[in-house]
Amino acid sequence: MTDGDAASEPLARGAGVALWRQIFGEIEREIASGRYPPGARMPTEEAFKTRFGVNRHTIRRAMEELEAAGLVRVEQGRGTFVAEDVLDYTLGARTRFTEVIRRQNREPGGRIVRLADVEADAAVASALGLARGKPVVLAERLGLVDGRPVLVGTHYFPAARFPRIAEALAADPSITKALAAGGVPDYRRRTTKVTARMPTPEEAALLGQSRTRPVLATETVNTDPDGDPVEAGWGCYAAGRVQIVVET
Numbered sequence: 001m002t003d004g005d006a007a008s009e010p011l012a013r014g015a016g017v018a019l020w021r022q023i024f025g026e027i028e029r030e031i032a033s034g035r036y037p038p039g040a041r042m043p044t045e046e047a048f049k050t051r052f053g054v055n056r057h058t059i060r061r062a063m064e065e066l067e068a069a070g071l072v073r074v075e076q077g078r079g080t081f082v083a084e085d086v087l088d089y090t091l092g093a094r095t096r097f098t099e100v101i102r103r104q105n106r107e108p109g110g111r112i113v114r115l116a117d118v119e120a121d122a123a124v125a126s127a128l129g130l131a132r133g134k135p136v137v138l139a140e141r142l143g144l145v146d147g148r149p150v151l152v153g154t155h156y157f158p159a160a161r162f163p164r165i166a167e168a169l170a171a172d173p174s175i176t177k178a179l180a181a182g183g184v185p186d187y188r189r190r191t192t193k194v195t196a197r198m199p200t201p202e203e204a205a206l207l208g209q210s211r212t213r214p215v216l217a218t219e220t221v222n223t224d225p226d227g228d229p230v231e232a233g234w235g236c237y238a239a240g241r242v243q244i245v246v247e248t
């Protein structure tokens, strides 16, 4: 039976088990079996109402219980989605996106969204130890896990030190490789700040999520072995797919 079938699915009426609970159990089994994979959009209330032959209130109660159980998530204006496995993203002195993802037997990926030569504003200049207005290279990168977007990162590099880093990133989106090509084979994270906020329209679109769903925002500064800043980054993580783990 497909989700659009008009025929109702048989329920054990009068068996002493509430109809919403039977529907909850059926959908729970279908999620577990993979009929609705992680991140998939669920059928509408109207489709489930037709499928099971019950009223909207009964369907709504079942969906509320599925949400409370952490099996689905509701995005206002977008619908109901199967909850994804939450990725543990570890922040430590030496954080590398590819390494973090592969340690969890997941497939990392990424692409550069934008490259530009800009002048350092007050925040970027302070992070990189530059005078305000000095030239920096901006790289906006989308981080993927198993093909799904989880991170939008905006990275700034001192242009005087890395005059060819935009060319390196255009050829390969790996920041680690780009810094290595610029003479910094290893770098360390000096500071990280983590906050929560609502995404911008552009961030929500890149992450494939609703603007009403919060994101985890990070501010980081990475330095070379001598302690000189080589990169300042502002990250935006899809909170429904990622949790930040801080190494001590």
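For the sequence shown, full-length UniProt numbering assigns the number 1 to the initial residue and increments by one for each residue that follows. Note that beta-carbon positions come from the ideal geometry of N, C-alpha and C, so glycine has one too.
Run of the beta strand (DSSP E) containing residue i, from where it starts to where it stops
i, result
"Glu219", "Val215 to Thr223"
"Phe162", "Unbroken run through Phe162: none, as it is neither H nor E."
"Gln243", "Val242 to Val246"
"Ala238", "Pro229 to Ala238"
"Tyr89", "Leu87 to Leu91"
"Gly16", "Neither: Gly16 is in no beta strand (DSSP E) and is coded neither H nor E."
"Glu75", "Val72 to Glu75"
"Gly39", "Here Gly39 belongs to no beta strand (DSSP E), and DSSP marks it neither H nor E."
Cβ neighbours of residue i in the same chain (closer than 6 Å, five flanking residues each side left out)
i, result
"Arg41", "Gly79 and Phe81"
"Glu231", "His155, Phe157 and Asn222"
"Ala116", "Leu138"
"Ser210", "Glu75 and Arg78"
"Ala181", "Ala168"
"Met1", "For Met1, the predicted model reports a pLDDT of 42, less than 50, meaning its position is unreliable; a value from the coordinates is still stated below. Excluding positions up to five away in sequence, the list is empty."
"Gly153", "Arg141, Gly233 and Gly235"
"Val54", "Leu19"
"Arg111", "Leu142 and Pro173"
"Thr95", "Arg189"
Spatial distance of residue i from residue j (CA atoms)
i, j, result
"Tyr89", "Leu11", "42 Å"
"Ala139", "Gly235", "12 Å"
"Ala6", "Phe52", "Residue placement at Ala6 is flagged as unreliable, the pLDDT there being 41, under the threshold of 50; a coordinate-derived value is accordingly withheld."
"Pro199", "Leu206", "10 Å"
"Val136", "Arg189", "19 Å"
"Lys49", "Trp20", "11 Å"
"Leu66", "Asn105", "27 Å"
"Glu247", "Gly16", "50 Å"
"Gly39", "Ala83", "6 Å"
"Phe97", "Pro214", "21 Å"
"Val86", "Thr58", "29 Å"
"Ala69", "Arg241", "16 Å"
"Gly4", "Thr212", "The predicted position of Gly4 is uncertain, since its pLDDT is 42 and thus under 50; a value taken from the coordinates is nonetheless stated next. In a straight line, the C-alpha of Gly4 is about 29 Å away from that of Thr212."
"Thr195", "Ala239", "11 Å"
"Ile244", "Leu91", "7 Å"
"Asp228", "Tyr187", "10 Å"
"Glu46", "Thr218", "40 Å"
"Ser8", "Thr44", "Note that Ser8 scores 49 on pLDDT, short of 50, meaning its location in the model is unreliable and no value can be drawn from it."
"Ala204", "Leu151", "11 Å"
"Val72", "Leu128", "42 Å"
"Pro225", "Ala32", "47 Å"
"Lys134", "Phe162", "13 Å"
"Leu216", "Arg56", "34 Å"
Cβ-based neighbour list, residue i, same chain, cut-off 8 Å, excluding 5 preceding and 5 following
i, result
"Gly147", "Glu107 and Gly109"
"Arg124", "It should be noted that the sequence gives Val, not Arg, for residue 124. Hits under 8 Å: Leu130, Val136, Tyr156 and Ala232."
"Arg13", "Leu19"
"Asp121", "Arg132"
"Val113", "Glu140, Arg141, Leu142, Val152 and Leu206"
"Ala93", "Arg188, Arg189 and Glu247"
"Pro149", "Leu142, Gly143, Leu206, Leu207, Gly208 and Ala238"
First through last residue of the alpha helix (DSSP H) which encompasses residue i
i, result
"Leu66", "Arg56 to Ala68"
"Leu19", "Leu19 to Ser33"
"Ala47", "Glu45 to Phe52"
Contacts around residue i, its chain only, beta-carbon distance under 7 Å, and the 5 residues preceding and following it disregarded
i, result
"Pro201", "Arg211"
- Where are the alpha helix (DSSP H) runs, 4 residues long or more, that stay fully inside the region 167–218, in chain order? The qualifying runs are 175–181 and 201–207.
- Query: Is there contact between the region 145–164 and the region 172–188, where contact requires at least three CB pairs shorter than 8 Å?
  - Reply: As far as the Cβ criterion goes, the region 145–164 touches the region 172–188, which means the pair count is three or higher.
- Query: Going along the chain, which unbroken runs of the alpha helix (DSSP H) with 4 or more residues stay wholly within the region 101–144?
  - Reply: 122–128
- Kindly confirm or deny that the region 24–43 and the region 52–66 touch, where touching means at least three C-beta pairs closer than 8 Å. Below 8 Å, enough C-beta pairs join the region 24–43 and the region 52–66 to call them touching: three or more.
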